[in-house]
Amino acid sequence: YVIQSTNNPVNDNLMELLIMIDALKRASAGRINAVIPYYGYARQDRKAKARDPITAKLVADLIVAAGADRVLTMDLHANQIQGYFNIPVDHLLGMPILAKYLNEEHMEDLVVVSPDTGAIDRNKFYATGLKTPLAMIYKERDYSMVTQNAKNTNIKSVKLLGDVHGKVAFLADDMLGTGGTLLKAMEFLKEQGATKVIAAISLPFFTGNAIELFNEAYKKGMFYRIIGTNAVYHEELLKYEWYINTSVSGL
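Residue numbers for the sequence shown follow this note's numbering, so the first one is 75 and each next one is one higher.
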């Protein structure tokens with residue numbers, strides 16, 4: 075078993091993984107299982123526009139060519155990435171571990187909220203498992219506006235489909251980068267009357283100054299806790315009261 079996550083620095087970690095697999099193959103290993111908690115380049119899984127690379131497929135080809143016989147990974151950005159491999163792939167989900175915290179805390183009046191339409195299936199899983207209502211944040215966009223500036227978005231209005239007033243709102247997503255979208259969703263839910271806002275993130279990257287932004291938001295009372303996994307490890311995060319670190323070893 076070769077255990078190597080391909081988070082930042084992605085290229086260095088990916089190259090190390092390929093070298094280790096090749097070394098094991100040349101040492102006549104009977105079977106090589108690549109355990110990859112975070113599968114790098116997973117978001118580049120399709121051609122969004124002409125001449126775009128499908129890097130998730132390229133990474134799969136590299137891992138197979140290096141000599142891996144099986145891949146274990148978790149929370150792929152898209153399930154179809156499993157089909158990029160010609161070897162068995164075990165796709166594990168961090169949801170059961172993240173949901174365990176809520177069960178242990180015995181949260182009352184809990185409502186699962188999908189932060190957007192793309193995350194509805196993931197949050198439906200939580201709502202079904204926790205036996206709670208499901209709500210969704212809907213963003214109305216003006217597609218006549220073309221912008222790549224995060225401050226000047228094409229979002230005209232944000233609406234909540236469901237009710238969180240006087241309740242604990244719970245959001246779940248597969249990964250967190252700069253966290254801008256999640257922070258806005260948390261602020262919006264507090265404005266809608268949520269007593270607490272809790273988020274569960276399988277792959278908590280916290281890129282840029284995300285940790286500072288979330289710490290400021292916590293001091294302002296915008297959220298209660300963020301539950302993450304050690305699939306992406308941040309030693310700095312462990313010192314903050316608002317971050318709950320869970321281990322994926324149980325998967």
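For glycine and all other residues, C-beta sits at the position ideal for the given N, C-alpha and C.
On a predicted model such as this, the values are computed, not experimentally measured, just so you know.
Euclidean distance between Cα positions of residue i and residue j
| i | j | result |
| --- | --- | --- |
| Glu309 | Ile285 | 12 Å |
| Ser79 | Val109 | 8 Å |
| Lys225 | Asn304 | With a pLDDT of 48 at Lys225, under the threshold of 50, the modelled position of this residue cannot be trusted; read the value that follows with caution. If I take the Cα positions, the gap works out to 31 Å. |
| Ile106 | Asp164 | 14 Å |
| Tyr75 | Ala122 | 34 Å |
| Ile216 | Lys99 | According to the sequence shown, residue 216 is Asp rather than Ile. Those two C-alpha atoms are separated by around 53 Å. |
| Ala273 | Ser102 | 45 Å |
| Val232 | Ser323 | 38 Å |
| Arg117 | Ile137 | 17 Å |
| Ile301 | Phe262 | 19 Å |
| Gly157 | Leu150 | 12 Å |
| Asn85 | Ala130 | 13 Å |
| Thr255 | Asn153 | 23 Å |
| Ala201 | Ala124 | 38 Å |
| His239 | Met210 | 14 Å |
| Ile195 | Lys313 | In the sequence under discussion, the amino acid at residue 195 is Asp, which differs from the Ile named in the question. Asp195 and Lys313: Cα-Cα distance of roughly 32 Å. |
| Asn223 | Asn319 | Low per-residue confidence applies at Asn223: pLDDT is 47, beneath 50, and the placement is therefore not dependable, though the value from the model is reported in the following sentence. Approximately 32 Å, taken between the alpha carbons. |
| Val242 | Tyr175 | 14 Å |
| Asp126 | Asn82 | 22 Å |
| Glu307 | Ala291 | Note on residue identity: the sequence assigns Tyr, not Glu, to residue 307. Between Tyr307 and Ala291, the C-alpha separation is close to 22 Å. |
Backbone secondary structure at residue i - three-state DSSP
| i | result |
| --- | --- |
| Asn107 | strand |
| Lys213 | strand |
| Lys241 | coil |
| Leu325 | coil |
| Gly141 | coil |
| Ala268 | coil |
| Tyr158 | helix |
| Asp164 | strand |
| Met249 | strand |
| Leu176 | helix |
| Tyr317 | strand |
| Met181 | coil |
| His128 | Note that residue 128 corresponds to Ile in the displayed sequence, not to His. Note: Ile128 maps to coil in three-state DSSP. |
| Leu235 | strand |
| Leu150 | coil |
| Lys121 | coil |
| Lys230 | strand |
For residue i, the nearest candidate out of the options (CA to CA)
| i | options | result |
| --- | --- | --- |
| Ala203 | Asp190, Leu256, Asn177 and Ile194 | Note on residue identity: the sequence assigns Gly, not Ala, to residue 203. Selected option, being the one with the closest Cα: Asn177. |
| Ala193 | Pro207, His180 and Tyr212 | Tyr212 |
| Lys264 | Ser323, Val187, Trp316 and Ala122 | Val187 |
| Ile171 | Asp183, Leu277, Leu234 and Arg125 | Leu277 |
| Asn289 | Gln266, Gly302, Ile275 and Tyr317 | Tyr317 |
| Phe279 | Met94, Leu132, Leu92 and Tyr113 | Tyr113 |
| Ala134 | Lys258, Leu91 and Leu166 | Leu91 |
| Thr269 | Asp183, Ile275, Ala246 and Asn81 | Asp183 |
| Glu315 | Met94, Lys293 and Asp248 | Lys293 |
| Val145 | Thr191, Ile95 and Lys174 | Ile95 |
| Lys198 | Asn81, Ile155 and Met169 | Met169 |
| Pro189 | Leu245, Lys174, Asp119 and Arg120 | Leu245 |
| Pro111 | Gly251, Leu166 and Glu214 | Leu166 |
| Ala140 | Tyr298, Ile128 and Phe159 | Phe159 |
At which residue ranges does the segment 269 to 307 contain complete alpha helix (DSSP H) runs of 4 or more residues, listed in the order of the chain? Runs of the alpha helix (DSSP H) inside the segment 269 to 307: 284 to 293.
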